[in-house]
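Residue numbers (the numbering used here), protein chains in the order written: chain E, 3 to 67; chain X, 7 to 134; chain G, 35 to 753. Contents: one structure, followed by commentary.
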Amino acid sequence: MRLNDREFEHWKEGLTIQDVIDIMRFVYPRLVIKVNGKLIKKEEYSSFVLQENDDLKIYHLLAGG
Amino acid sequence: MKRLVKDENLCIGCGKCEEVCSNAFFRESNAAKSCVRVQEIEENKHKLTICNQCGKCIEVCPVQALTRDSKGIIRLNKKDCVGCFMCVGFCPDNAMMQHDDYIEPFKCIACGLCVKSCPTGALKIVED
Amino acid sequence: MDILKMKNSHKLLSEFIYEPKALYRGYTDKTLYINISDNTIKEKDVPQKMKEKFIGGKGYGLRYLWDAVSPTTKWNDPENEIVVAVGPVGGITQYAGTGKSLIVSISPLTDIPIDSNVGGYFGPFLKFSGWDALEVQGKAEKDVIIVIDGNKGIVRIEEAPLEDVDAHLLGEQLTEMYAENEADKRNISVITAGTAAENTNIGVLNFTFYDVRRKVSRLKQAGRGGIGTVFRNKRIKGIVCKFKGVKGDLNHPYDQSIINKTGIKYHKEIAQNDHLQNNMRKIGTANIIEIMDEYDLLPVHNFQYGKHPDTYKIKSTVFIEKYCTQNMPDGCWYGCSMSCAKAVDNFKLKTGPYKGQNVCVDGPEYENAAGLGANCGIFDPEVILELNFYCDTYGIDTISYGTLTAFVMECYERGIINKDITEGLELNFGNAEASLELIHQMSRGEGFGKIAGMGIHKMKKLFVEKYGADKDFLYDIACEQKGLEYSEYLCKESLAQQGGYGLTNKGPQHDEAWLIFMDMVNNQIPTFEDKAEALHYYPMFRTWFGLLGLCKLPWNDITPPNNSETDEPAKVPEHVNNYLDLYYGVTGNRIDNNEMIRQSERVYNFQRVFNIRMGKGLRINDATPYRSMGPVTKEEYESRQERYDKQLRELVGFNPEGKTIEEKIKTLRAYREDQYEKLTDAVYKRRGWTMNGVPTPEKLRDLGMDLPELLEVVEKHLN
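Next comes the structure, spelled out in structure tokens:
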């Protein structure tokens, strides 16, 4: 599985998007998340199970100052 | 506290309230210049937008142009208003009205003219 | 002190009567020029060409400043100016963040033009008083104030001997003096500096707005670059603008309707989403303190580290729950539904000349908590608030103060300076008492405060020349560039943000680009070309706010719910369209996103050439200290050893196994410095500059900026 175009080392069977957020400690509230180019809504983060060859993008919408 | 209340089940969408309100405020019959609004949401079903004098607008006004009078009615002091329309954006019921002919918003003062004009009793003034 | 007595002691030096001109589509096309050396006051007409090319705001400021100074002008020469300008959209009341003033001057820190933006009511009042900009030139013999009455059409220069200099007092005194009664206070806005602005190079300008609920004059700061120092050096105590009668249509816009519609749409967006997003209305910019810590980006101990176990003591909720008093609205101009300006009421001071008094602190902002707090190893919210208060009232920049204090603390801990040099101050990280004493010394112009107040750039030279510090090491850890202190984000792990700080016109601030997440976490701009594109687009886009009189925060500190479905969420396309609509609504001029960027490019390139004219602005001046690029010391390397070893293996092709830390640091450094050079090449190329950082004549021609005075400067640097 890839996260933001980098190899994601913690993939395991049944891993959800929320798990990735927790593992990565992505605590910022404004995230834009796409799996294989498809936008995933916030309500689905805990139920969306990631496959081994998924392309996951978690973009933080934070541009400071 | 005096305020306008509604029973949307009774509303037939005749628009009399809008007419009388805009006439009272702006001397013209124009629903877009009324403090009450009637909207048909499906056949024979109407939504009435009215102010319940909740006071959210008082909170957001940067110049304290909105104040509550002794009867509990929120009034706008047009002289002090700077036309920011934050009250319009923050009204939970979309009952703070705005029209591009004017640089200040306008709102219901529970005068009761619409109540008198309503043929079905969908609008009422209560005091509690 | 008796206000009447103060007023009676004023001596009128000059008076100018004028007919206030109403705005037309955002402009009066008149500016006010004041010279306090010979007490000239006059009006100037804005030439149509200047309006087209420079738009307003900092564009006007830079244009006037260019004409006022010569290549050898220093910040404290009488010909240096302070220019205050808004912009055509500034002053409207229907959209958030539309009351910004842009201040331009030659900076005592950088010796080149600085521009700094600030809220408060002064800028809009100045416009409504008939002036698109205010230029102040010259130097007074004794302390003066300038008073502009925009209703009566009177401008006065008066000697003002008795008023206080510190901002929280002077703001109140002048508001009281020129308001007819309590209700009239909202019609007064004052510019002040403070006592430490006189004795340091990091002075700010405070702009007031009267808070009708708290009944105090609140302060907002034009913080960066030492403009307050210039102000006090000119012996200006305060500038007052009075304007009664603010309404929502004073800009006399081309199309009020589209402005109303856009504003109300935005207010609704804030009302419905802010509490789910950044909570700007509740806590303002401080919302990111704990976020920065989580992502290893909070500057700790002079930018050595990115997090600290004690950050929880100063996280945003501590300020919300214990200190900030919610008092709607907290906007610094009418119509700002984002309302990020927080305040702490009845804060009891523990030190300094106002010890024991209850004061109103404007803040805390993120930068304050990070700079005054974490970067100095101070994790006590009350100390942060106290330092915040004193920075404001003494008139110094919280960011420069935080960064330079962190620097002297590291110097002290490493033995580069000692107690003899600091005259007894024990400047260890975490020593709150020492930091408070340092700031009071700056106000009094005494002791080590006088040295520290020069800023890092001058201090580091002094430490090398006078105290024999190791130059290479000291320059590595001194977080300044072009003379300006870094603002409070750790950019070691984001090459793009190293450029975001380094490849700027006025020195390392975050007004131009903030790309850390886009680059480091999101990995959205992996190649040099991607980064260069971002370092073109964002600085230009954000420059536009400074031309129009707008605040950056409402652009992307809230986003429409469907923003994530757009092509480029980071740009917040709907909000960009809002701005284009506002510009059209006010001026009647319909432009697209490309023209918006070109408007900025004209001014941005003008500023770059201005820098070159003043002797900075070439590639050599865009180099950055290594502390901002990677680990300087062993401890820094060890704190992130796993990450750095991995990078050596994967990116550099260097096996870290069995190597000393020194070898690893050296190898990583060579790699990272090379990356920065490659980035610089790519950015210069994208911006249309030579590899020495000079805008090419072709670029200037393409932008319609092939003005003879610009070509004359750049041609000297073409080979």
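Backbone N, C-alpha and C fix where the C-beta goes; we use that ideal spot for every residue, glycine too.
Report back the beta-carbon spacing between residue i and residue j to the nearest angstrom; my notes put them in contact at under 8 Å.
{"i": "G/Lys92", "j": "G/Asp166", "result": "About 13 Å separates the two Cβ atoms, so there is no contact after all."}
{"i": "G/Asp615", "j": "G/Thr296", "result": "5 Å"}
{"i": "X/Lys12", "j": "X/Ile47", "result": "About 14 Å; that fails the 8 Å criterion."}
{"i": "G/Ile511", "j": "G/Ser528", "result": "Not quite, the Cβ-Cβ distance comes to about 19 Å (not below 8 Å), so this is no contact."}
{"i": "G/Ile140", "j": "G/Trp109", "result": "5 Å"}
Going by beta carbon distance, what residues of the same chain come within less than 6 Å of residue i, once the five residues before and after it are set aside?
{"i": "G/Gln475", "result": "Gly481, Gly483"}
{"i": "E/Leu17", "result": "Leu52"}
Return the CA-CA distance between residue i and residue j, expressed in angstroms with no decimal places.
{"i": "G/Ser48", "j": "G/Glu232", "result": "25 Å"}
{"i": "X/Leu119", "j": "G/Tyr388", "result": "58 Å"}
{"i": "G/Arg624", "j": "G/Asn612", "result": "12 Å"}
{"i": "G/Glu169", "j": "G/Pro415", "result": "39 Å"}
{"i": "G/Phe243", "j": "G/Gly365", "result": "9 Å"}
{"i": "E/Glu11", "j": "G/Lys693", "result": "26 Å"}
{"i": "G/Asp601", "j": "G/Tyr300", "result": "21 Å"}
{"i": "G/Asn655", "j": "G/Asp504", "result": "21 Å"}
{"i": "G/Gly154", "j": "G/Ser135", "result": "8 Å"}
{"i": "G/Pro588", "j": "X/Lys22", "result": "41 Å"}
{"i": "G/Val747", "j": "G/Ile646", "result": "7 Å"}
{"i": "G/Gly318", "j": "G/Cys374", "result": "4 Å"}
{"i": "X/Ile19", "j": "X/Lys122", "result": "Checking the displayed sequence, the identity of residue 19 of chain X turns out to be Gly instead of Ile. Taking the straight line joining both Cα atoms gives about 15 Å."}
{"i": "G/Thr621", "j": "G/Ser163", "result": "19 Å"}
{"i": "G/Asp344", "j": "G/Lys278", "result": "48 Å"}
{"i": "G/Glu460", "j": "G/His335", "result": "15 Å"}
{"i": "G/Ile323", "j": "X/Pro125", "result": "59 Å"}
{"i": "G/Leu204", "j": "G/Asp198", "result": "5 Å"}
{"i": "G/Ala213", "j": "G/Lys219", "result": "5 Å"}
{"i": "X/Ser28", "j": "X/Leu16", "result": "22 Å"}
{"i": "G/Glu401", "j": "G/Gly390", "result": "26 Å"}
{"i": "G/Arg661", "j": "X/Pro98", "result": "50 Å"}
{"i": "G/Leu96", "j": "G/Gly536", "result": "21 Å"}
CB-CB under 7 Å to residue i, same chain, minus the five flanking residues each way: which ones, in chain order?
{"i": "G/Ser71", "result": "Pro112, Gly172, Lys173"}
{"i": "G/Glu192", "result": "His44, Lys45, Leu46, Leu47, Val178, Ile179, Val181"}
{"i": "X/His105", "result": "Ala38, Lys39"}
{"i": "G/Val610", "result": "Asn627"}
{"i": "G/Asp379", "result": "Arg248, Thr359, Cys394"}
{"i": "G/Trp100", "result": "Phe644"}
{"i": "G/Gly131", "result": "Cys370, Met372, Leu584, Cys585, Leu587, Pro588"}
{"i": "G/Asp740", "result": "Pro731, Leu734"}
{"i": "G/His757", "result": "Because chain G spans 35 through 753 in this model, residue 757 of chain G falls outside it and cannot be assessed."}
{"i": "G/Ala56", "result": "His286"}
Among residues of its own chain, excluding the 5 on either side of residue i, which ones have a beta-carbon nearer than 8 Å to its beta-carbon?
{"i": "G/Ile430", "result": "Gly228, Ala230, Ala231, Thr234, Ile236, Gly237, Val238, Gly262, Ile473, Met476, Gly487"}
{"i": "G/Leu685", "result": "Tyr705"}
Sort out for me which residues DSSP pairs residue i with in a bridge.
{"i": "G/Leu253", "result": "G/Thr242"}
{"i": "G/Cys275", "result": "G/Ile182, G/Ser223"}
{"i": "G/Phe441", "result": "None; G/Phe441 has no bridge partner."}
{"i": "G/Ile298", "result": "Answer is none; G/Ile298 lacks a bridge partner."}
{"i": "X/Gln45", "result": "X/Lys53"}
{"i": "G/Val138", "result": "G/Val117, G/Asp149"}
{"i": "E/His62", "result": "E/Leu33"}
{"i": "X/Arg74", "result": "X/Ile80"}
{"i": "X/Leu10", "result": "X/Ile131"}
{"i": "G/Asp79", "result": "G/Lys64"}
{"i": "E/Asp57", "result": "E/Arg4"}
{"i": "G/Arg190", "result": "G/Glu49, G/Val181"}
{"i": "G/Asp396", "result": "G/Ala377"}
Would you check whether the ligand MG has a heavy atom nearer than 7 Å to the C-beta of residue i?
{"i": "G/Lys302", "result": "The ligand content of the structure shown is nil, which means the ligand MG is not present either."}
Handout entry: Interfacial residues, the region 474-507 of chain G to chain X, with Cβ spacing under 9 Å
Key = Look at the region 474-507 of chain G: it has no residue with a C-beta under 9 Å from a C-beta of chain X.
Practice task
Residues of the region 60-93 of chain X with a CB closer than 7 Å to any CB of chain G: list them in chain order, please.
Solution key: For the region 60-93 of chain X, residues whose beta-carbon sits nearer than 7 Å to a beta-carbon of chain G comprise Glu65, Val66, Pro68, Val69, Gln70, Val88, Gly89, Cys90, Phe91, Met92.
Exercise for the section: Below 7 Å between beta carbons is the criterion; list the residues of the region 591-609 of chain G that meet it against any residue of chain E, in chain order. Expected result: Look at the region 591-609 of chain G: the residues with a C-beta under 7 Å from a C-beta of chain E are Thr593, Ser598, Glu599, Pro603, Ala604.
Exercise for the section: With 7 Å as the C-beta to C-beta threshold (strictly closer), list the residues of the region 323-338 of chain G near chain E in chain order. Expected result: Here the close residues are Ile325, Glu328.
Practice task
Mind checking the region 367-390 of chain G against chain X and listing, in chain order, the residues whose C-beta falls within less than 7 Å of any C-beta there?
Solution key: Cβ contacts with chain X come from Tyr368, Gly369, Ser371.
Problem - Short-range partners of chain E found in the region 553-567 of chain G, where Cβ spacing is below 8 Å - result: Those residues of the region 553-567 of chain G that come within reach of chain E (Cβ to Cβ, closer than 8 Å) are Val555, Asn556, Asn557, Gln558, Pro560.
Problem - Members of the region 219-250 of chain G near chain X, C-beta cut-off 9 Å - result: So the list reads Arg220, Val246, Arg247, given in the order they occur along the chain.
Practice task
Using a Cβ-Cβ cut-off of less than 8 Å, list which residues of the region 660-681 of chain G approach chain E; keep chain order.
Solution key: With the criterion set as a beta carbon lying under 8 Å from some beta carbon of chain E, the region 660-681 of chain G has no members that meet it.
Handout entry: Within 8 Å of chain E by C-beta, residues of the region 100-133 of chain G in sequence order
Key = Hits within the stretch: zero.
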